[in-house]
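Undergrad:
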Amino acid sequence: MLLFRAILVSLLLFTHLVYGATNTLYILPNSAKPALKALLKSIDHARFRIDGAIYSFTHKEIAKHLAAAAKRGVKIRIIADYSSNAFNRRSQIGYLAKYQNIETWLLKGKPYKKSHRDHALMHMKVMVIDNRRIIFGSANWTYSAFGKNYEILSIVDDYAKAKLLERGFERMLNDAFPY
Numbered sequence: 009m010l011l012f013r014a015i016l017v018s019l020l021l022f023t024h025l026v027y028g029a030t031n032t033l034y035i036l037p038n039s040a041k042p043a044l045k046a047l048l049k050s051i052d053h054a055r056f057r058i059d060g061a062i063y064s065f066t067h068k069e070i071a072k073h074l075a076a077a078a079k080r081g082v083k084i085r086i087i088a089d090y091s092s093n094a095f096n097r098r099s100q101i102g103y104l105a106k107y108q109n110i111e112t113w114l115l116k117g118k119p120y121k122k123s124h125r126d127h128a129l130m131h132m133k134v135m136v137i138d139n140r141r142i143i144f145g146s147a148n149w150t151y152s153a154f155g156k157n158y159e160i161l162s163i164v165d166d167y168a169k170a171k172l173l174e175r176g177f178e179r180m181l182n183d184a185f186p187y
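Residues 9 to 187 (my numbering) make up the sequence shown, in order.
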């Protein structure tokens with residue numbers, strides 16, 4: 009049993025060191041700075057792909073790190089909610105749309121049949137990096153989310169769940185339109 013534990017600990021340590029495996033939950037606003045730092049570090053370590061779906065995106069520092077990743081050759085696709093980003097002058101979607109290797113998309117939620125609103129919202133807050141790392145929670149990519157709001161942000165390395173999210177992302181792209 010002792011040998012089994014030693015092997016298991018060694019494998020877990022090896023996995024963490026080699027793949028940067030993580031399973032971290034941040035409770036904001038108390039952990040806002042470490043949460044933002046972890047998000048930016050994940051973007052900075054992306055090797056080939058970042059896909060994100062976000063309701064509101066006004067945080068310039070996150071946008072700058074995504075732009076830097078694109079300049080390194082990382083392919084980036086961001087789907088943002090139409091109602092929150094199409095006419096918002098603080099939205100970073102237009103800024104990112106100008107970069108090579110970045111595709112920005114807008115998505116209206118499904119139409120309501122009987123309601124005062126035309127469409128539901130695209131309300132996700134998720135990023136998948138290199139088909140492995142998932143960053144998700146209640147936090148939009150805004151200064152308020154990473155400064156004063158009560159939010160959660162989770163970072164998980166899980167290839168199977170990342171692939172599942174990627175399939176959902178591809179389906180959303182079918183309903184989205186370019187910025």
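Glycine included, each C-beta is placed from N, C-alpha and C at the ideal position.
1) With respect to the alpha helix (DSSP H) encompassing Met-180, which residues constitute its N-terminal and C-terminal limits?
2) Would you mind reading off the limits of the alpha helix (DSSP H) that contains Tyr-103?
3) May I have the straight-line CA-CA distance separating Phe-144 from Leu-47, to the nearest angstrom?
4) Is it right to say Thr-112 is buried, meaning 16 or more other beta carbons lie within 10 angstroms of its own, or is it exposed?
5) In chain order, what residues of the same chain have a beta carbon less than 7 Å from the beta carbon of Ile-35, not counting five sequence neighbours either side?
6) Among Leu-172, Ile-142, Ala-71, which has the Cα closest to the Cα of Val-164?
7) Three-state secondary structure (DSSP) at Pro-186?
8) Let me make sure I understand the geometry here. Which of Asn-109, Lys-116, Tyr-158, Ala-170 has the alpha-carbon closest to that of Lys-134?
9) Going by the CB atoms, is the gap between Asp-89 and Leu-129 shorter than 8 Å?
10) CA-CA distance, Leu-74 and Pro-119?
11) Looking only at its own chain, which residues have a Cβ that is under 6 Å from the Cβ of Ala-61, when we skip the five neighbours before and after it?
12) Ala-94: beta carbon under 7 Å from a heavy atom of the ligand COA?
13) What do you reckon, are the CB atoms on His-53 and Trp-149 nearer than 8 Å?
14) Does the beta-carbon of Arg-85 have 16 or more other beta-carbons within 10 angstroms, so that it is buried, or is it exposed?
15) Between Gln-108 and Tyr-187, what straight-line distance do the alpha-carbon atoms span, to the nearest angstrom?
16) Starting from Asp-59, follow its DSSP beta bridges and name the residues at the other end.
17) Pull up the distance between the alpha-carbon of Gln-100 and that of Arg-140, whole angstroms please.
18) Tell me which same chain residues have a C-beta within less than 7 Å of the C-beta of Ala-94, skipping the five on either side of it?
TA: Reading from the atomic positions:
1) 167–183
2) 101–105
3) In this structure, the CA atom of Phe-144 is about 10 Å from the CA atom of Leu-47.
4) buried
5) Annotation for Ile-35: Ile-160 place their beta carbon closer than 7 Å to its own, counting only its chain and skipping 5 residues before and after.
6) Ile-142
7) strand
8) Note that residue 134 corresponds to Val in the displayed sequence, not to Lys. Taking only the C-alpha atoms, the option nearest Val-134 is Ala-170.
9) yes
10) 31 Å
11) Ile-87, Met-132, Val-134
12) This structure lacks the ligand COA, and indeed carries no ligand of any kind.
13) no
14) buried
15) 14 Å
16) Arg-85, Val-136
17) Those two C-alpha atoms are separated by around 25 Å.
18) Leu-114
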